[in-house]
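Asks:
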Amino acid sequence: MSDEMKACPHCACPYGYFMREDLYACPECAHEWNPAEELVADELVVKDVNGNLLQDGDSVIVIKNLPVKGASGPIKAGTKVKKIRLTDGDHNIDCKIDGFGSMALKSEFVKKA
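Going by the numbering used here, the first residue of the sequence shown is number 388, and it counts up by one from there.
(1) Ordered along the chain, which non-local residues of its own chain (more than five positions away) have a Cβ less than 8 Å from that of LEU440?
(2) By Cβ distance, which residues of its chain are closer than 7 Å to TRP420, with the 5 residues on each side in sequence left out?
(3) Would you kindly report the start and end of the unbroken beta strand (DSSP E) that includes ASP481?
(4) From TYR404 to PRO414, what distance separates their C-alpha atoms?
(5) Using beta-carbon positions only, say whether ILE448 and LYS498 come within less than 7 Å of one another.
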């Protein structure tokens, strides 16, 4: 039996208590959870314009012309971008685009190839 209390991920009550092997319960909202599953849920989730999950190394296609500050022209719709890297933040895709170099894109302007 564990004497450790864990905060409820549902209501943030600090009195979550141990019930049985890998199961905690909240006395205020009756939510039950496995703390090991919480760690998996904290992974970065990035979806394209169609709702498909993106992963590091995927290839994506730009769906609309994207203006680039300091460049002579925009990134054209239909441009294929290979080997993306997912990051936290507003621009959640890091990549290299031929003719433009390193770039950060928003996932709402790409679809999975």
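Ideal Cβ placement from N, Cα and C applies to all residues, glycine included.
Replies: In short, the structure shows the following:
(1) Taking the sequence shown and counting its residues from 1, one reaches residue 440 at position 53. VAL432, VAL433, LYS434.
(2) On the sequence shown, residue 420 is found 33 positions in, with the first residue counted as 1. Correct list, in chain order: PRO396, TYR411.
(3) One-based indexing of the sequence shown puts residue 481 at position 94. DSSP places ASP481 in the uninterrupted beta strand (DSSP E) bounded by 480-484.
(4) Residue 404 sits at position 17 when you count from the first residue of the sequence shown. Residue 414 sits at position 27 when you count from the first residue of the sequence shown. Their Cα atoms are separated by approximately 8 Å.
(5) In the sequence shown, residue 448 corresponds to position 61, counting from 1. In the sequence shown, residue 498 corresponds to position 111, counting from 1. Yes. Within cutoff.
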